[in-house]
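*Asks:* Quick note: my numbering has the sequence shown finishing at residue 320, numbered continuously throughout. Just so you know, even glycine gets a beta-carbon here, dropped at the ideal spot from N, CA and C.
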Amino acid sequence: MRILMQNELTLFDTSIGKKAVMAVTGLVLFGFVIGHMAGNLQVYLGPDQLNGYASKLRDLGPLLWGVRVVIGSCVLLHLTMVLSLYWQTWGARPVRYRVRHYVATNYAATTMWLSGPLILAFILYHLAHFTYPGIAMGNYEHNAEGDVFTNVINGFSVPWVSALYVTAQLLLGLHLYHGSWSLLQTLGLNHPTVNQRRRTVARAIAALVVAGNISIPISVLAGFVK
Ligand code: HEM
Numbered sequence: 095m096r097i098l099m100q101n102e103l104t105l106f107d108t109s110i111g112k113k114a115v116m117a118v119t120g121l122v123l124f125g126f127v128i129g130h131m132a133g134n135l136q137v138y139l140g141p142d143q144l145n146g147y148a149s150k151l152r153d154l155g156p157l158l159w160g161v162r163v164v165i166g167s168c169v170l171l172h173l174t175m176v177l178s179l180y181w182q183t184w185g186a187r188p189v190r191y192r193v194r195h196y197v198a199t200n201y202a203a204t205t206m207w208l209s210g211p212l213i214l215a216f217i218l219y220h221l222a223h224f225t226y227p228g229i230a231m232g233n234y235e236h237n238a239e240g241d242v243f244t245n246v247i248n249g250f251s252v253p254w255v256s257a258l259y260v261t262a263q264l265l266l267g268l269h270l271y272h273g274s275w276s277l278l279q280t281l282g283l284n285h286p287t288v289n290q291r292r293r294t295v296a297r298a299i300a301a302l303v304v305a306g307n308i309s310i311p312i313s314v315l316a317g318f319v320k
């Protein structure tokens with residue numbers, strides 16, 4: 095009798111496993127974005143408050159690096175899973191449907207593919223701008239010695255930079271809105287009787303993150319924070 099040797103399937107091999115990894119990493123990143131926004135909003139409390147907060151974070155040393163590694167790994171895993179799901183779907187049906195009917199999807203779902211790569215590009219730009227190497231995007235000196243407040247004011251005083259941040263936040267809002275919705279479905283937290291309420295909560299959190307973040311470049315440009 096011929097014995098068929100079959101490799102064991104791991105979580106990463108199944109599309110539901112991949113979606114679960116995307117959901118969990120997405121949840122961690124969602125938490126980071128909310129926490130980061132709360133930290134950034136301290137710009138309204140003045141330079142001492144924001145710079146003090148940034149310096150406390152830096153003083154965490156290895157713990158801060160631990161968080162950076164977790165966030166970085168979540169971004170990489172999120173990306174790997176989405177690419178892998180794409181290849182799996184593409185491999186299953188290399189010839190596309192001639193006509194597509196989007197039944198259970200919506201504008202946000204179909205634009206996930208656009209918003210995802212653009213948000214990734216924004217993160218890389220944002221890190222180069224404010225964190226490392228700290229590239230001044232206008233006629234000013236980036237202060238690498240920890241004056242985060244001045245860097246934020248100088249950075250957002252350049253209109254095209256602020257416009258870019260505002261656009262990125264709108265894309266982020268779209269991504270968060272849909273992401274949080276599919277996260278509920280993947281993790282089995284979706285239920286017909288409470289769907290509407292959960293959809294509203296997901297939409298409200300996404301709107302809050304967008305509004306909080308967008309308010310910063312706009313307040314700087316308007317001269318409200320200086
Ligand atoms: C208008 C909105 C935002 C503002 C004003 C802002 C501001 C900043 C500033 C000032 C830093 C440097 C902190 C320091 O030097 O100590 C920073 C770092 C960072 N930001 Fe943002 N940010 C915004 C939106 C975002 C978004 C939407 C994301 C992610 C999707 C993000 C991800 C990060 C990351 C990963 C770091 C590096 C943190 C670290 O390694 O210490 N930021 N941000």
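Rounded to the nearest angstrom, what separates Leu315 and Gly273 at their Cα positions?
*Replies:* Whole-angstrom Cα-Cα distance: 31 angstroms.
*Asks:* Taking 7 angstroms as the cut-off, is the CB of His220 close to at least one heavy atom of ligand 1?
*Replies:* Checking the Cβ of His220 against ligand 1 gives yes.
*Asks:* Given this structure, state the Cα-to-Cα distance separating Val197 from Thr119, to the nearest angstrom.
*Replies:* Residue placement at Val197 is poorly supported in this model, since its pLDDT is 46, which falls under 50; the coordinates are not used for a value here.
*Asks:* Suppose contacts are defined by Cβ-Cβ distances below 8 angstroms. Is Ala117 in contact with Thr280 by that definition?
*Replies:* Against a cut-off of 8 angstroms, the Cβ pair of Thr280 and Ala117 comes out as a contact.
*Asks:* In whole angstroms, what separates the C-alpha of Trp159 from that of Leu179?
*Replies:* One C-alpha to the other measures close to 30 angstroms.
*Asks:* With DSSP as the reference, label Gly155 as helix, strand or coil.
*Replies:* Coil.
*Asks:* Using 7 angstroms as the cut-off, classify the Cβ of Pro311 as near or not near the heavy atoms of ligand 1, replying yes or no.
*Replies:* Yes, the beta carbon of Pro311 sits closer than 7 angstroms to at least one heavy atom of ligand 1.
*Asks:* Using only CA atoms, which one of Leu278, Glu235, Ala262 lies nearest to Phe216?
*Replies:* Out of Leu278, Glu235, Ala262, Ala262 has the C-alpha closest to the C-alpha of Phe216.
*Asks:* Below 8 angstroms, how does it come out for the stretch 127-141 and the stretch 304-312: are there three or more Cβ pairs, yes or no?
*Replies:* The stretch 127-141, when compared against the stretch 304-312, does touch it at the 8 angstroms Cβ threshold.
*Asks:* Can Met206 and Lys112 be called in contact, C-beta distance under 8 angstroms?
*Replies:* Cβ distance not < 8 angstroms, so Met206 and Lys112 don't count as in contact.
*Asks:* Is Ile247 near ligand 1, judged by its Cβ being under 7 angstroms from some heavy atom?
*Replies:* No.
*Asks:* Between Asn233 and chain D, is the shortest Cβ-Cβ distance under 8 angstroms, so that the two count as touching?
*Replies:* The structure shown contains no chain D; it is built from a single protein chain.
*Asks:* Please state whether DSSP places Leu281 in a helix, a strand or coil.
*Replies:* Reduced to three states, the DSSP call for Leu281 is coil.
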